[in-house]
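What follows is one structure encoded as structure tokens, with my remarks underneath.
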Amino acid sequence: MSIWQKYGTVIDLNCISPSIGKNNLEYWRNSLFSATLAFIIPLALLAVIPGVVVAYNTNVYPIIVVDIAAMVGVLAAAFAPGLPVYVRKILFTISLYAVSIALLYYLGLFGPGLLYLLALSVFIVFIFDYQFAVFSVVVNSIICILFGLAIYYEWGNSALVEQYTVDTWIAVTANFLFLNIVAALLIPKLFNGLQQAIINQEMLTKSLEEKQNSLEHSMSLLKAKNEELEDFAYSASHDLKEPLRMVKSFLGLLEKKYKNKLDEKADQYIHYAVDGATRMQYLIEDLLEYSRVGRYNTQFLSISTNDVVQTAIRNLKTQIEESGANIEVSENLPILHASENEMIRVFQNLISNAIKFRNDAQIPVITIGGESKNKQHTIWVKDNGIGIEQDKLDEVFDIFKRLNSQEKYPGTGIGLAICRKIVERHNGSIYVTSEPGKGSTFFLEFRSN
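According to this note's numbering, the sequence shown holds residues 61 to 509 in order.
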């Protein structure tokens, strides 16, 4: 800490009460007073020392006494231990009043006495409560009246008595008091506005804090409920898996053993039951997969998106060969900081959907590309499939949401919901653009590390 900082800290400790917060206007009054003392003491020495020398050479000894006394008063206001802040302000004000009156008495209007009085009256409005604004006007009026009487009755040997008439003095002091009154009336209005602004800011901050706390509490409750729902989905899916497998197995045996041995309706009912059990099994498996996302502390590593995509393609080899799909993959896909297994699942779902939702008259063409710029990785999966209606683009990521018939495009409606959950777990985002009949493009965006 520099000498100046230590010096300012000592004055701050004496002049700024620790019990008054920054949201109180009094704190800023005291802070201004402290800063004024910190600057005025070294600057005053530049004025006092030459003034004392000149006064000594011209035998004006009262100015020497007043200057020294005022300097002692200012130093006491800044450094005297144990004084209340308001006493320090009064001591400072009296010291400057004494200097102003002495300069006015001995130097007249050619000296800075009247200017000091005006500056002091403005400063009083800043560092004291509003009622002291009137006090400064009253005190300055009394000083002007007393000097006017001294000029009129020729009291003493003041420079004012020797150099000015009463008319001149009245003309000068009228303007001085006018400025004093204007300052006393207008500056408090400014401070009232500042005080109200501080109060409003404090109320707004408090209201925002309360709303923030309420929002955090609601988010915490929502997170807990979501975790409960995911736990339930995981448990329910896991527990239903084995009984359903048994039901499906026995239904399969029934169908195999009694097919064409019962009437046509019985065969149809058994077929419906087997088909329903199969779809239920797929649904439970996908629901279990959805609830598993983020359940375990999967390690995030730097992974090659190209390797991830190639693994997803290998996993879908049968589906790709059956559809004759043509998949084009850019050679320079971004390096991601992610879970490799989860990202494989994302691309596997997107490629599988691109193959599934294809136009009957076209071979599926899937293009996978990416770029990195502005601290963001963007990867896209583009197809030439059936596309999505514009008003349905946001719905495709909702769990269990199906936009097409089960008969033509079988599935559970969970695949894209899994993609969104995985991407958001990686602090990324996923969205789609599409034109019905011409295809869709799914975009994945991640912040680069």
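Positions of the beta carbon are idealized from the N, C-alpha and C atoms, including for glycine.
Remember, predicted model here, so these are calculated numbers, not experimental data.
Top-ranked residue by Cα proximity to residue i, from the options
{"i": "V483", "options": "E315, L175, R507", "result": "R507"}
{"i": "A243", "options": "V221, L275, A193", "result": "A193"}
{"i": "I205", "options": "E222, N217, V159, V226", "result": "V226"}
{"i": "I241", "options": "G142, H277, V185, T228", "result": "V185"}
{"i": "F407", "options": "S383, T371, S390, Q436", "result": "T371"}
{"i": "I426", "options": "S432, N375, F417", "result": "F417"}
{"i": "N401", "options": "C479, Q223, A326", "result": "C479"}
{"i": "G81", "options": "I258, D420, H397", "result": "I258"}
{"i": "P248", "options": "S274, S181, L281", "result": "S181"}
{"i": "Q359", "options": "V334, A234, H397, E381", "result": "H397"}
{"i": "I109", "options": "S196, T118, N386, I124", "result": "I124"}
{"i": "L361", "options": "E324, H486, A284", "result": "H486"}
{"i": "L73", "options": "N273, S94, V198", "result": "S94"}
{"i": "M306", "options": "V112, T338, A104", "result": "T338"}
{"i": "L250", "options": "T493, S79, E270, L85", "result": "L85"}
{"i": "G216", "options": "Y165, E276, E391", "result": "Y165"}
{"i": "G255", "options": "R89, Y491, W440", "result": "The question names Gly, yet the displayed sequence has Gln at residue 255. Ranking the options by Cα distance to Q255, first place goes to R89."}
{"i": "F238", "options": "N260, N200, N375, S274", "result": "N200"}
{"i": "D189", "options": "S160, A107, Y87", "result": "Y87"}
{"i": "K452", "options": "K433, V70, P496, D443", "result": "P496"}
{"i": "A234", "options": "Q261, V197, N252, Q223", "result": "V197"}
{"i": "E455", "options": "S267, I76, G473, A231", "result": "G473"}
{"i": "P141", "options": "A130, I203, I71, S79", "result": "I71"}
{"i": "Q261", "options": "N366, N83, E214", "result": "N83"}
{"i": "I58", "options": "A421, D323, G336, S91", "result": "The structure shown has nothing for residue 58, since the chain only spans 61 to 509."}
{"i": "P102", "options": "V113, Y67, V126", "result": "Y67"}
{"i": "P144", "options": "Y116, W440, P78, N117", "result": "P78"}
{"i": "S494", "options": "I446, F457, N119", "result": "I446"}
{"i": "Y176", "options": "A107, I230, T228", "result": "A107"}
Coil, strand or helix - residue i by DSSP
{"i": "Y224", "result": "coil"}
{"i": "Y438", "result": "Contrary to the premise, residue 438 reads as Thr rather than Tyr in this sequence. Three-state result, T438: strand."}
{"i": "T427", "result": "strand"}
{"i": "R507", "result": "strand"}
{"i": "A243", "result": "helix"}
{"i": "D367", "result": "helix"}
{"i": "I76", "result": "coil"}
{"i": "R418", "result": "coil"}
{"i": "N409", "result": "helix"}
{"i": "I161", "result": "helix"}
{"i": "N119", "result": "coil"}
{"i": "F188", "result": "coil"}
{"i": "P102", "result": "helix"}
{"i": "P248", "result": "helix"}
{"i": "H486", "result": "coil"}
{"i": "A193", "result": "helix"}
{"i": "V114", "result": "helix"}
{"i": "V353", "result": "coil"}
{"i": "D443", "result": "coil"}
{"i": "D458", "result": "coil"}
{"i": "P144", "result": "coil"}
{"i": "N83", "result": "coil"}
{"i": "I474", "result": "coil"}
{"i": "W215", "result": "coil"}
{"i": "D323", "result": "coil"}
Beta bridge counterpart(s) of residue i as assigned by DSSP
{"i": "T493", "result": "T501"}
{"i": "H397", "result": "S362"}
{"i": "V389", "result": "I428"}
{"i": "K433", "result": "Q436"}
Cβ separation of residue i and residue j, assumed to be a contact under 8 Å, to the nearest whole Å
{"i": "T438", "j": "F503", "result": "6 Å"}
{"i": "I415", "j": "Q379", "result": "6 Å"}
{"i": "S383", "j": "I448", "result": "At roughly 19 Å, the Cβ-Cβ gap does not stay under 8 Å, so S383 and I448 are not in contact."}
{"i": "A158", "j": "P122", "result": "At roughly 11 Å, the Cβ-Cβ gap does not stay under 8 Å, so A158 and P122 are not in contact."}
{"i": "L156", "j": "F236", "result": "Not really, about 16 Å apart at Cβ, beyond 8 Å."}
{"i": "A326", "j": "L311", "result": "In fact, because the Cβ distance is near 13 Å, the residues do not count as touching under 8 Å."}
{"i": "A137", "j": "L97", "result": "6 Å"}
{"i": "S390", "j": "I428", "result": "6 Å"}
{"i": "N413", "j": "G475", "result": "6 Å"}
{"i": "V134", "j": "I100", "result": "7 Å"}
{"i": "V368", "j": "I395", "result": "So it is not a contact: roughly 10 Å between Cβ atoms."}
{"i": "E409", "j": "K498", "result": "Note on residue identity: the sequence assigns Asn, not Glu, to residue 409. Contact flag wrong, Cβ pair sits at about 21 Å."}
{"i": "L376", "j": "G430", "result": "At roughly 19 Å, the Cβ-Cβ gap does not stay under 8 Å, so L376 and G430 are not in contact."}
{"i": "Q223", "j": "G171", "result": "At roughly 11 Å, the Cβ-Cβ gap does not stay under 8 Å, so Q223 and G171 are not in contact."}
Cβ-heavy atom distance, residue i to the ligand PLP, below 7 Å
{"i": "K271", "result": "With respect to small molecules bound, the structure shown includes none, and the ligand PLP cannot be examined in it."}
Contact the region 208 to 215 vs the region 147 to 159: 3+ CB pairs below 8 Å: As far as the Cβ criterion goes, the region 208 to 215 does not touch the region 147 to 159, which means the pair count is below three.
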